[in-house]
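The UniProt record's numbering puts the sequence shown at residues 1 to 233. Built from N, CA and C at the ideal position, the CB exists for glycine as well.
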Amino acid sequence: LLTHQHNPSKSGVIGGVNHSSLAELPGAEMAKLVELMQGMAEDVATIRSDIAEIREENLAHQTRLMGEMWDKIQDLENRSRRNNIRVLGIPEGIEGNGVSGPALLLTVLRDCLPLESADAIEVERAHRTLGPRPPPDQRPRPIIARFLRFQDRERILRLAREAGELRWRGRSIMIFPDMSRELAVQRKLFMPERHCCMALGLRYALQYPATLRVTIAGKQQRFDDPEEAIQEL
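Here it is, written out as structure tokens:
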């Protein structure tokens, strides 16, 4: 008499379930089926956990990569503007009629700042920011100017700071370094700390890109975080 020991595979057991009711399965078969289903449930849970972990790792990697790329883009953009200044307050329509943007800018700078006529300041280009010309009762568009030499740009900014309020033909003129909007917002976060330094009589400087340098008790300290700076001050 030949005997056959039945040892069903996973597919065999599952297939058997499709053709017979659970009530007809022997006790041993039912136990194996329950064990099989529990193992499959554990496998599914493990796979789901692995997929979730991989997704989190990929998301963290992509987020970090995008942040690094954004920082590089911002650095490249602002480095391309390192020779630029932004001049506010020059009335619309003055340039033209044979007066170029660079010539107009040099005239304004020489009228407002203590520059010698022999100073060889070279302006590569100067133009209004893009956009339609505003009505006469609106603020004029800023002028973006690029110097040939970075040293000239730094000198103009220093003289403008030292001069304080600048006026040209009865109008208030302001001169700032040119930078991306994102960097301008980042630097603006240090405004309360700068006011605090002025109130305390502390020497300070806001360095590129957005680092506050303060001299406290004869020692220089640098802050990249505005909250950390205000706590120290």
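- Task: Would you kindly work out how many angstroms separate the C-alpha atoms of residue 29 and residue 50, rounded to a whole number?
- Result: Along the sequence shown, one-based indexing puts residue 29 at 29. Along the sequence shown, one-based indexing puts residue 50 at 50. Near 31 Å, if we compare the C-alpha coordinates of residue 50 and residue 29.
- Taking 8 Å as the cut-off, is the CB of residue 164 close to at least one heavy atom of the ligand ZN? As for the ligand ZN, it is missing from this structure, which has no ligand bound.
- Query: So what's residue 268 in DSSP terms, helix, strand or just coil?
  - Reply: Past the boundaries of the shown model lies residue 268; the chain is included only from 1 to 233, so the question cannot be answered.
- Message: Can you give me the C-alpha to C-alpha distance between residue 123 and residue 56, rounded to a whole angstrom?
- Response: Along the sequence shown, one-based indexing puts residue 123 at 123. Along the sequence shown, one-based indexing puts residue 56 at 56. Those two C-alpha atoms are separated by around 51 Å.
- Message: Whole angstroms are fine: how far does the CA of residue 36 sit from the CA of residue 6?
- Response: Within the sequence shown, numbered from 1, the residue matching residue 6 stands at position 6. Within the sequence shown, numbered from 1, the residue matching residue 36 stands at position 36. For residue 6, the pLDDT reaches just 47, beneath the cut-off of 50, and the residue's location in the model is therefore unreliable, leaving the point undetermined.
- Message: At the level of alpha carbons, what is the spacing between residue 95 and residue 61?
- Response: Translated into positions along the sequence shown, residue 95 becomes position 95. Translated into positions along the sequence shown, residue 61 becomes position 61. Roughly 50 Å separates the two Cα atoms.
- Query: In whole angstroms, what separates the C-alpha of residue 120 from that of residue 227?
  - Reply: Reading the sequence shown from its first residue, position 120 is the one you call residue 120. Reading the sequence shown from its first residue, position 227 is the one you call residue 227. Whole-angstrom Cα-Cα distance: 43 Å.
- Message: Helix, strand or coil for residue 211? Go by DSSP, reduced to three states.
- Response: On the sequence shown, residue 211 is found 211 positions in, with the first residue counted as 1. Correct three-state label for residue 211: strand.
- Query: Residue range of the alpha helix (DSSP H) that residue 150 falls in?
  - Reply: Taking the sequence shown and counting its residues from 1, one reaches residue 150 at position 150. First-last of the alpha helix (DSSP H) with residue 150: 150-163.
- Query: Do you know how far the Cα of residue 220 is from the Cα of residue 59?
  - Reply: For the purposes of this step, residue 59 is taken as the residue at position 59 of the sequence shown. For the purposes of this step, residue 220 is taken as the residue at position 220 of the sequence shown. Cα to Cα, the separation comes out at about 40 Å.
- Message: Could you pull the DSSP bridge partners for residue 234 from this structure?
- Response: Here the chain comprises residues numbered 1 to 233, so residue 234 is not present and cannot be evaluated.
- Task: Tell me whether residue 179 sits in a helix, a strand or coil according to DSSP, three-state version.
- Result: As a position in the sequence shown, residue 179 is number 179, starting the count at 1. Note: residue 179 maps to coil in three-state DSSP.
- Query: Opposite residue 78 in the DSSP bridges: which residues?
  - Reply: Locating residue 78 in the sequence shown gives position 78, counting from the first residue. Answer by DSSP bridge pairing: none, since residue 78 is not bridged.
- Message: In whole angstroms, give me the CA-to-CA distance for residue 185 and residue 178.
- Response: Along the sequence shown, read from residue 1 onward, the residue named residue 185 stands at position 185. Along the sequence shown, read from residue 1 onward, the residue named residue 178 stands at position 178. Between residue 185 and residue 178, the C-alpha separation is close to 13 Å.
- Task: Please name the residue in 217, 189 and 188 whose C-alpha comes closest to that of residue 200.
- Result: In the sequence shown, the residue the question calls residue 200 occupies position 200. Among 217, 189 and 188, the Cα nearest to that of residue 200 is on 217.
- Item | Inter-residue Cα distance where the pair is residue 206 and residue 224 | Walking along the sequence shown from the start, residue 206 turns up at place 206. Walking along the sequence shown from the start, residue 224 turns up at place 224. The straight-line gap from Cα to Cα measures roughly 10 Å.
- Query: Tell me the DSSP bridge mates of residue 147?
  - Reply: Counted from its first residue, the sequence shown places residue 147 at position 147. The partner list for residue 147 (beta bridge, DSSP) reads 123.
- residue 196 versus 231, 67 and 143, residue with shortest Cα-Cα distance: Here residue 196 is taken as the residue at index 196 of the sequence shown, counted from 1. Looking at the Cα atoms, 231 is the closest of the given residues.
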